[in-house]
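Notes follow once the structure below has been shown.
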Amino acid sequence: MNDERGIGSSFLIHNSACPIFHMRYIPNTARDCQAMLKTIGVPSVEELFADIPRSIRLQRKLNLPPALSEKELIEELKALSALNAQVQEYTSFLGAGAYHHFIPSLVLHLISRSEFYTAYTPYQPEISQGTLQAIFEYQTLICQLTNMEVANASMYDGSTSVAEAALMAHRLNERPEMIVSTAVHPEYRAVLKTYVNHLGIAVREVGFTERGGTDLAVCRSMVNEATGAVIVQYPNFFGCIEDLAALSRLAHEKGALFIVAVAEPIALGVLKAPGDFGADIVVGEGQAMGNALNFGGPYVGFFATRQEYLRKMPGRLAGETTDLEGRRGYVLTLSTREQHIRREKATSNICTNQALCALATTIYLCTLGKQGIREVALQNLQKAHYAKEAIGRLKGYHLVFNSPTFNEFVVKAPRPLSRINQALLENQMIGGLDLGRFYPELENCLLLCVTENHSRGQIDKLVEVLTLKG
Amino acid sequence: MKKAVGTQGLVYNEDLIFEKSVEGRKAYSLPALDVPEADIQRLVPEEYLREEVSGFPEVSEVEVVRHFVRLSQWNYAIDVGFYPLGSCTMKYNPKINEDIARLPGFAHAHPYQPEALSQGAIRLMYELEKCLCEISGMDRVSLQPAAGAHGELTGLMMIRAYLTAQGNPRKKVIIPDSAHGTNPASSTLCGYEVISLKSNDRGCIDPQALRENMNREVAAIMLTNPNTLGLFEENILEIARIVHDQGGLVYCDGANLNALLGIVRPGDMGIDVLHFNLHKTFSTPHGGGGPGSGPVGVKSHLAPFMPIPTPECRLEAEDSGQGAGPSPAPGPRPYYYLDYNRPQSIGKVRAFYGNFGMMVRAYSYIRSLGAEGLRQVSETAVINANYILSRLRDVYHVPYDRHCKHECVLSDKFQLKNDVKTLDIAKRLMDYGFHPPTIYFPLIVPGALMIEPTETESKETLDEFIQAMRAIAREAQEEPETVRSAPHLPKVRRLDETMAARKPKLRWEKGEEKNAR
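The listed protein sequences derive, respectively, from chains A and B. Each residue of the first sequence is one higher than the one before, counting from 1 in my numbering. Each residue of the second sequence is one higher than the one before, counting from 1001 in my numbering.
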């Protein structure tokens, strides 16, 4: 519907002959707008768009579905969400970088407080102390968990944290190569390659042995003075515990940095921290700690390193200070590393990160506390072990790797996985990840994850269905 | 006189959670272990066994709740009041979108669960992409980037891949001096050298200056439209032509899309690549610094380079065993899937598919507004910004004296005479109950104050803000020390940022004294 003055249909042109779309998120009515236009000194809103060339002005309404009322929106989106399986309905044994742990009820209540989730980045510290102190606490918890000296306020996710760690290593030693284990999450490796592809940094991969860990002998032969960093995952993609002490040594022998990625940080409740083995940068995925699966995002990366590398770190940092009257307070600090100050010379381009997810992680870790993180980790270890032993005893199945594992393990099945997974689905279960998807040499192998959330009954049921198919 | 929006009130001190820790307290609940307990020494080699996570707090559930509730009360937020941050588009975050994002089918879906059981999620992504294409005039949109800066990097990588396929990735990117800092930072991350282009005296890109700098070594121009002064790049068509004539591409930072919805589309202006900020234009909450989402739209010649996977749809014959749930009508049904088979793709910019939870919120927002609603958003946003401009122009200096779009830029030029600076004005606004506008950006306006009200503010709120700004202008003349020593009312006053940087203290350490308040 066009009018003579403007192009397309302004909501202000319409009067009672054409009902105005009153939108509950837009307080100002047509009458309010007319009053403001008068103050501005223009006859119509069209004047305010007069500098846009007429030839490109939209001549029609946007072709979008008609607006839904709140009730209609709920009905439509509920129907859409019902087309998804989810872990409350199906018992899922999927891990592989996204973990189903129990999230205490108070996490959601607290992150749903308006003052947390509708707040902006704390650039004005006087009125953002809540966000800033929470970030300071998050940084502290990450340092404690990884046993590193300094941590930032969050990255986008585990995969980009690995990429940024590699870039930081390059900034520090300017060497042209990164060596990464193929036992690191395939998608993390893909992201790393995309990030360094055009920056003159090469990525070389080192494989894993039949034990399930990175091949130390091959790695040692590959690491040299061109190596910027050696990157491994702990526990690795197959759930195996890597020999961090040996890997750390062989990286440092040649002056390379040792980067450890932790995709399942609950493991650090019972496993020694990478910092204890001389890691230079520890990164990882915080989703397991207080964030829902959300079909892959939003998640939250963590990034921790040595104090001496502080000024080369990417990401935001909250630091402690005092105000005019000597009160303790917190501010974003060392911003000269960042894009809004250093622009093209910044350590990273990161601006918006994953603050609310980091807050969920902070609340989760405070809720678990010193005892809880250990107890949850132990339950993961025990339940996964129980499942692993039971499946390992099944006729036709065998455990592929004999390294110690945390809460994930690899099983080779006697039949094509499509049939096994189909049988599981019929029993309201989602099986593990088909590793053949990423590793051609691991055809018919399943990566299974068992957490504290799985009951003995559910594990027994899994074993039962696998038995029937085996 | 009408009382100010901001007032005094009781807030609570709250130590660090570590300082509240008491051995033996717990806040969690876990069922007893229901499988036989194996000897842990058999499961994990001794050199890997951890005794405890030293320093983790031990507190009760009550204390956890009080701790974070008290912390939250120290924060300003959109739900508390007006947030006129330029280029941030701090609009209201609809509550219904939070509920929808938390529907179990969305919140509890694993990214690797079978495709046939993820039809709702993939379809939502597919439809969101279609909506964003229609709104922007782009041909395809990747939903994978986690934030605007991430979208910029992804977009530049696609530009590089496209030019490489043509034979030469080129070496440089032209960026106007008014650009957001992420623009040059992203360019560097993508291996490009930045050429900064001086804006003309109208605050815009000067076509002549561009012509002089544009050549076959330049991969792209990265611009923002409307620009960071809130002004529409009036020569956009000529700018696009100059760049395209030399085989370069035009990247548009879509942070300011809130001014253009339903009015004009970047895709119709000669833009080749555009990123969106779902946490700006499309109402997803800022969360204190994320999560956001930065989808990047492209014209079809760049589509082959998009990150994998992309959400797609094909028609499946009836009873194929797949498809989206039971169907009442016979005939082929749409089946949504993730396409990894894109040989020219730049790869992945993050694991999995993107910030899906934020896509749900943005999609719900678009479905709540429809075409008329979105147009109303932009018209009202632009009227609101011009209203503020018209009512403050007599007391604050306006560097570019014409109608703005959704945001306007003032400066502290008049107030400097009394030694009152933009920083002081910003801090004094807090005492009046407002979050300050963006300050000292864009860099080309000394002492810039960038004000973006958005469409979700009422005329009354705008009047209150205007009143506060006018009062501060008066104070700057009559009692400047009040402004210079602000803020007075928040929980803390001005903080020593110099010391924080000089002697960084970035974590709590055991054995510290509980600090003085």
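We put the CB at the ideal spot given by N, CA and C, even for glycine.
- Item | CB contact below 8 Å: A:S418 versus chain B | Not a single CB atom of chain B sits nearer than 8 Å to the CB of A:S418.
- Query: Does A:E320 come within less than 8 Å of chain B when only Cβ atoms are used?
  - Reply: yes
- Going along the chain, which residues of its own chain have a beta-carbon closer than 7 Å to the beta-carbon of B:F1305, five neighbours each way excluded? M1158, A1161, Y1162, Q1344, S1345, I1346
- Query: Can you tell me whether DSSP reads B:F1276 as helix, strand or coil?
  - Reply: coil
- Between the CA atoms of A:L462 and A:S403 - distance to the nearest angstrom: About 23 Å.
- Message: Helix, strand or coil for A:S81? Go by DSSP, reduced to three states.
- Response: Looking at A:S81 - three-state DSSP - the assignment turns out to be helix.
- B:G1120 beta carbon less than 8 Å from that of A:S81: yes
- Going straight from the alpha carbon of B:A1219 to that of B:K1172, what length do you get? Here the alpha carbon of B:A1219 sits roughly 6 Å from the alpha carbon of B:K1172.
- Residue of A:A229, A:L250, A:N63 minimising C-alpha distance to A:E474: Only positions 1 to 470 of chain A appear in this structure, which leaves residue 474 of chain A out of reach.
- Task: Leaving aside the five residues before and after A:D460 along the sequence, list all residues of the same chain whose C-beta is less than 7 Å from its C-beta, in chain order.
- Result: none
- Checking contacts by CB at 8 Å: is A:C240 closer than that to chain B? no
- Query: Taking 8 Å as the CB-CB limit, is A:Y188 close to chain B?
  - Reply: Yes, because at least one Cβ of chain B sits closer than 8 Å to the Cβ of A:Y188.
- Query: Going along the segment 1351-1367 of chain B in order, which residues come within less than 9 Å of chain A, judged by CB to CB distance?
  - Reply: A1351, F1352, Y1353, G1354, N1355, F1356, G1357, M1358, M1359, V1360, Y1363, S1364, Y1365, I1366, R1367
- Item | Among A:R60, A:G396, A:G457, nearest to B:L1033 - alpha-carbon criterion | When the alpha-carbon of B:L1033 is set against those of A:R60, A:G396, A:G457, the nearest one is in A:G457.
- Task: Answer yes or no: the CB of B:Y1192 versus the heavy atoms of the ligand FAD, is any distance below 7 Å?
- Result: Ligands in the displayed structure: none, and consequently the ligand FAD is not present.
- Check each candidate in B:S1458, B:V1483, B:L1410, B:A1385 and name the one with the smallest Cα separation from A:I40. B:A1385
- Message: So B:I1451 contacts chain A; which residues on that side make the cut at Cβ distance below 7 Å?
- Response: Result: empty, since nearest Cβ-Cβ is about 14 Å, beyond 7 Å.
- When DSSP labels each residue in this structure, what does B:L1410 get in the three-state scheme? strand
- Please name the residues in the segment 1070-1096 of chain B whose beta-carbon is closer than 7 Å to at least one beta-carbon of chain A, in chain order. L1071, S1072, Q1073, W1074, N1075, Y1076, A1077, I1078, D1079, V1080, Y1083, L1085, C1088, M1090, Y1092, N1093, P1094, I1096
- Query: So is B:Q1008 buried or exposed if we call it buried at 16+ other beta carbons inside 10 Å?
  - Reply: exposed
- Message: So B:C1131 contacts chain A; which residues on that side make the cut at Cβ distance below 7 Å?
- Response: Those are L64, listed as they occur along chain A.
- Message: Any beta carbon of chain A sitting closer than 8 Å to that of B:V1420?
- Response: no
- Burial state of B:L1599, where buried means 16 or more other Cβ atoms lie within 10 Å: Beyond the ends of chain B as shown, which are 1001 and 1517, falls residue 1599 of chain B; an answer cannot be given.
- With 9 Å as the C-beta to C-beta threshold (strictly closer), list the residues of the segment 322-336 of chain A near chain B in chain order. T322, D323, L324, E325, G326, R327, R328, G329, Y330, V331, L332, T333, L334, S335, T336
- Task: Give the C-beta separation of A:G296 and B:F1356 to the nearest angstrom, bearing in mind that I take them to be a contact with Cβ-Cβ under 8 Å.
- Result: 5 Å
- Of all Cβ atoms in chain B, is any one closer than 8 Å to the Cβ of A:C219? no
- If you draw a straight line from the C-alpha of A:G284 to the C-alpha of A:E264, how long is it? Approximately 8 Å, taken between the alpha carbons.
- Query: What residue does the alpha helix (DSSP H) around B:F1106 start on, and which one ends it?
  - Reply: Segment 1104-1107, the alpha helix (DSSP H) holding B:F1106.
- Message: Please list the terminal residues of the continuous alpha helix (DSSP H) segment that includes A:C357.
- Response: 355-392
- With a Cβ-Cβ cutoff of 8 Å, do B:V1005 and B:E1464 count as a contact? yes
- Looking only at its own chain, which residues have a Cβ that is under 7 Å from the Cβ of B:Q1322, when we skip the five neighbours before and after it? Legend: pLDDT at B:Q1322 = 49, less than 50; position of this residue unreliable, no value from coordinates given.
- Whole angstroms is fine: what's the gap from A:A245's alpha carbon to A:I363's? Approximately 32 Å, taken between the alpha carbons.
- Enumerate in chain order the residues of its own chain whose CB-to-CB distance from B:L1016 is below 6 Å, with the five nearest sequence positions on each side excluded. Non-local C-beta neighbours of B:L1016 in its own chain, meaning closer than 6 Å and more than five positions away in sequence, comprise W1508, ordered along the chain.
- Item | Beta-carbon proximity list for B:F1018, same chain, < 7 Å, skipping 5 on both sides | G1055, P1057, W1508
- Within the same chain, show all residues whose beta-carbon is closer than 6 Å to that of B:T1154, passing over the 5 residues directly before and after it, in chain order. P1145, V1296, V1349
- Task: Note the first and the last residue of the continuous alpha helix (DSSP H) segment covering B:A1500.
- Result: 1497-1502
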